[in-house]
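Visitor: With this note's numbering, letter number 128 in the sequence shown gets 210, and the count goes up by one each step, no holes.
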Amino acid sequence: MDRTTTGASCDRMVAPVEPRDIAAIAALAHEIWHAHYPGIISVSQIEYMLAQRYAPAVMVAELACADVWWYKLTVGDRIVAFSALQMEPGGAAMKIDKLYVQPSRQRSGCGGMLIGQAAVTARRQGCRELRLAVNRNNHAAIAAYRKCGFIVREAAVKDIGGGFVMDDFIMVKAL
Numbered sequence: 083m084d085r086t087t088t089g090a091s092c093d094r095m096v097a098p099v100e101p102r103d104i105a106a107i108a109a110l111a112h113e114i115w116h117a118h119y120p121g122i123i124s125v126s127q128i129e130y131m132l133a134q135r136y137a138p139a140v141m142v143a144e145l146a147c148a149d150v151w152w153y154k155l156t157v158g159d160r161i162v163a164f165s166a167l168q169m170e171p172g173g174a175a176m177k178i179d180k181l182y183v184q185p186s187r188q189r190s191g192c193g194g195m196l197i198g199q200a201a202v203t204a205r206r207q208g209c210r211e212l213r214l215a216v217n218r219n220n221h222a223a224i225a226a227y228r229k230c231g232f233i234v235r236e237a238a239v240k241d242i243g244g245g246f247v248m249d250d251f252i253m254v255k256a257l
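1) Name the residue from Met195, Arg135, Pro101 whose alpha carbon lies nearest to the alpha carbon of Val142.
2) So, for Asn219: in the same chain, excluding its five sequence neighbours on each side, which residues have a beta-carbon less than 7 Å away from its beta-carbon?
3) Between the beta-carbon of Cys192 and the beta-carbon of Val162, is there less than 8 Å?
4) Am I right that Leu212 and Leu257 are in contact with their C-beta atoms under 8 Å? What's the rounded C-beta distance?
5) According to DSSP, is Leu257 part of a helix, a strand, or is it coil?
6) When you compare the CB positions of Tyr136 and Leu196, do they come within less than 8 Å of one another, or not?
7) Just to confirm my understanding: we take Ile252, look at its own chain, exclude 5 residues before and 5 after, and list those with CB closer than 8 Å. What are they?
In structure tokens:
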């Protein structure tokens with residue numbers, strides 16, 4: 083866990099997600115995706131991906147996986163950001179599969195704190211790099227990841243079913 087205090091009475095803490103957090107994280111994902119992704123992907127794709135990634139059964143199963151780590155960032159008792167990490171096959175890289183910050187908390191260091199926790203987790207597992215996929219039209223996120231030391235390694239288009247594709251950049255950061 084990482085506890086950071088910034089500003090007057092702004093206590094931010096990164097901690098592992100617990101099963102009791104699932105509903106709050108799913109609701110936060112819905113808020114963030116609907117605020118951020120229209121114009122980048124269709125509303126139909128947003129709904130499809132939210133259902134794929136944030137259904138309670140999916141999240142419970144991921145919390146039970148030995149090679150998946152979920153973290154929440156709280157301010158007081160409110161979850162304002164979260165991430166999910168997954169060990170890549172071979173163990174050399176840790177994938178940041180999810181990293182989302184409430185719109186009102188963006189550009190305040192919350193994402194950087196979660197990336198810092200990802201680096202700590204990855205190093206503990208013997209990984210040499212962090213890896214993530216970001217939509218190539220998500221310019222704000224790409225800029226934020228660059229600021230945190232990520233570089234674009236390649237472009238990738240992946241069919242995710244339902245008639246949708248993910249049109250991404252794969253970004254990496256050496257540890």
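Cβ atoms here follow ideal geometry from the backbone N, Cα and C, with glycine treated the same way.
Guide: On the basis of the supplied data:
1) Pro101
2) Ile122
3) yes
4) 7 Å
5) coil
6) no
7) Apart from sequence neighbours up to five positions away, the residues of its chain that approach Ile252 with a beta-carbon distance below 8 Å are Arg213, Leu214, Ala215, Val234, Arg235, Glu236, Ala237, Ala238, ordered along the chain.
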